[in-house]
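Notes follow the structure.
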Amino acid sequence: MRKLAQIITKIIDFFYRPFSKWISEQLFRYAACGGGNLVLDWVLYFLIYNFVIGHNLVYFQLPLTNYQLCLTPHIATLCIVFPITLLTGFWLQKYVTFTASRLNGWRQLSRYILIVAVNLAINYFGLKLCVDVLGWYPTPSKMLITIITVVISYLGQKHYTFRVEK
């Protein structure tokens, strides 16, 4: 896996050269990795929402109870896509972007999950607002909300999750 990270890093760094006067290498790597993960998120969201969930409500029985939970299609899709992009995002940020951090990997992962949980809450309430209250389409709503969470994520990852201890 580290070999793959080295290959990805070399590819990103190749494209960094023209931008080196205006943006730091770390920020460029973050944008490239985050952008790649973001595209993965959007593509998975679109495919799952349209072809797996099929715009239908999702019902499932809560284990050991008589209760059934119902999720709207856009929230069910979020629940499916989230763990996938959580893991790919962590891996990219740890091994490509924030490689100087010497914090324990489990500590990084727990901090990463905390930052992502904040972003998940923003995604959830943002989708509820945009889709259920304002009546917007789910995919563009998700894209708009993601722009907000990108800023929060970068600051949190740089200054908390992958902080370089002095």
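Counting in my numbering, the sequence shown runs from 437 upward without gaps. Cβ coordinates follow ideal geometry from the N, Cα and C atoms, glycine included.
query = cysteine 506 bridges to which residues according to DSSP?
reply = Partner(s): Tyr495.
task = Please report how far the alpha carbon of aspartate 477 lies from the alpha carbon of tyrosine 596, in whole angstroms.
result = Aspartate 477 and tyrosine 596: Cα-Cα distance of roughly 23 Å.
inquiry  = Would asparagine 540 and threonine 585 be called neighbours here (beta carbons separated by less than 7 Å)?
reply    = No.
ask   = Below 7 Å between beta carbons: does that hold for serine 577 and valine 587?
value = For serine 577 and valine 587, no; Cβs fall outside 7 Å.
message = Which same chain residues end up closer than 7 Å to leucine 545 when comparing Cβ atoms and leaving out the 5 residues on each side of it in sequence?
response = Correct list, in chain order: Phe526.
request  = Grab me the residues of valine 479's own chain with a C-beta within less than 6 Å of its C-beta, minus the 5 sequence neighbours each way, in chain order.
outcome  = Closer than 6 Å at Cβ, skipping near neighbours: no residue.
request  = Would you tell me roughly how many angstroms separate the C-alpha atoms of lysine 564 and leucine 493, rounded to the nearest one?
outcome  = Spanning the two alpha carbons is a distance of roughly 14 Å.
ask   = Any heavy atom of the ligand MG within a distance shorter than 6 Å of the CB on isoleucine 444?
value = In terms of ligand content, the structure shown is empty, and the ligand MG therefore cannot be addressed.
Collapsed DSSP secondary structure at serine 546 in the structure displayed = Per DSSP, reduced to three states, the secondary structure at serine 546 is helical.
request  = Pull up the CB-CB distance for threonine 533 and tyrosine 466, whole angstroms please, since I reckon it's below 8 Å.
outcome  = Threonine 533 to tyrosine 466, Cβ: 5 Å. Contact.
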